[in-house]
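Pasting the structure below:
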């Protein structure tokens, strides 16, 4: 299997621009997670989906962030408008289900907002 | 108090040394625990699960202390390739609930 795929790997944009991050989970995994990682706050869960349905978005920082999962093989995380404090590495992860299974992370998108 | 707390380090140890990390968690009802490893500028990957009875995988030993609410990771005979950040992960729920909490990570640097 190809693993979790994320694009782009790097994104540099200017404040106020819209940013869209993309994720393809591992086939057959029912759960998809979006995380943000910074030096100061570590790895934070933003939102997760089960069978394409958003289950918990309490980690989404504010209305500028939105996430969708239109089908089992694709999800997007959108930031509009972007701000410099959004600069971080954004990881997508997927999980087959079950309490003892692991989450598999994608390589991440390194976002820099100038 | 944070849900999951780790000493961020760095821990600088010579090759061949034994090093141990602890991670404390605040929710006494937490059900499952993991250690992940994250190399510099890479994604986190599962290192090992932590079982109530403890578990060992080669040079790595993970243990759970429910009474004191901490998990530990012991690395024996450290190798240069062990240099990474080790993330403690706690799942507070049973029955397949998926929202886990990651610690900030402990950075290990193994020195020649």
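Residue numbers (the working numbering), protein chains in the order written: chain A, 462 to 575; chain B, 460 to 571. Even for Gly, the Cβ is constructed at its ideal location relative to N, Cα and C. Being a predicted model, the structure only gives us computed values, none of them experimental.
Where residue i falls: helix, strand or coil (DSSP)
i             : result
residue 571/B : coil
residue 540/B : helix
residue 516/B : strand
residue 503/B : strand
residue 545/A : helix
residue 573/A : strand
residue 477/B : coil
residue 475/A : coil
Boundaries (first-last residue) of the beta strand (DSSP E) holding residue i
i             : result
residue 543/B : 543–550
residue 465/A : No beta strand (DSSP E) contains residue 465/A, which DSSP labels as neither H nor E.
residue 487/B : Taken as a continuous stretch (DSSP letters only), residue 487/B belongs to no beta strand (DSSP E), as it is neither H nor E.
residue 563/A : Taken as a continuous stretch (DSSP letters only), residue 563/A belongs to no beta strand (DSSP E), as it is neither H nor E.
residue 495/B : 491–497
residue 549/A : 549–556
residue 563/B : Careful: residue 563/B lies outside any beta strand (DSSP E) and carries neither H nor E.
residue 464/B : 463–465
residue 510/B : Segment: none, residue 510/B is in no beta strand (DSSP E) and carries neither H nor E.
For residue i, the residue or residues it bridges with in DSSP
i             : result
residue 540/A : 480/A, 526/A
residue 490/A : Residue 490/A pairs with nothing; no bridge assigned.
residue 501/A : According to DSSP, which records beta bridges pairwise, residue 501/A is partnered with nothing at all.
residue 532/A : 535/A
residue 517/A : 509/A
residue 531/B : 481/B, 522/B
Contact with chain C by residue i, beta-carbon distance below 8 Å
i             : result
residue 502/B : In summary, chain C is missing from the structure at hand, where the protein chains are A and B.
task = Please determine if the region 516–535 of chain B and the region 483–494 of chain B are in contact, where contact requires at least 3 C-beta pairs separated by less than 8 Å.
result = yes
key: Cβ pair count under 8 Å reaching 3, the region 537–555 of chain A against the region 473–489 of chain A   = yes
request  = Would you check if there are 3 or more beta carbon pairs closer than 8 Å linking the region 505–513 of chain A to the region 557–565 of chain B?
outcome  = yes
Stretch pair the region 496–512 of chain B + the region 538–553 of chain B: three plus CB contacts closer than 8 Å = The region 496–512 of chain B, when compared against the region 538–553 of chain B, does touch it at the 8 Å Cβ threshold.
task = Determine which residues of the region 496–524 of chain A have a Cβ less than 7 Å from any Cβ of chain B, and write them out in chain order.
result = 503, 504, 506, 509, 517
key: Interfacial residues, the region 462–473 of chain B to chain A, with Cβ spacing under 8 Å   = none
ask   = How about the region 530–539 of chain A and the region 510–525 of chain B: do they share at least three Cβ pairs that are nearer than 8 Å?
value = no
Members of the region 503–528 of chain B near chain A, C-beta cut-off 8 Å = 503, 504, 505, 508
inquiry  = Residues of the region 469–488 of chain A in Cβ contact with chain B at a cutoff of 7 Å, in chain order, please.
reply    = Legend: CB atoms of the region 469–488 of chain A lying less than 7 Å from CB atoms of chain B are not found in any residue.
message = Is it the case that the region 513–532 of chain A contacts the region 540–551 of chain A, given that we only count it when at least three CB pairs across the two stretches are under 8 Å?
response = yes
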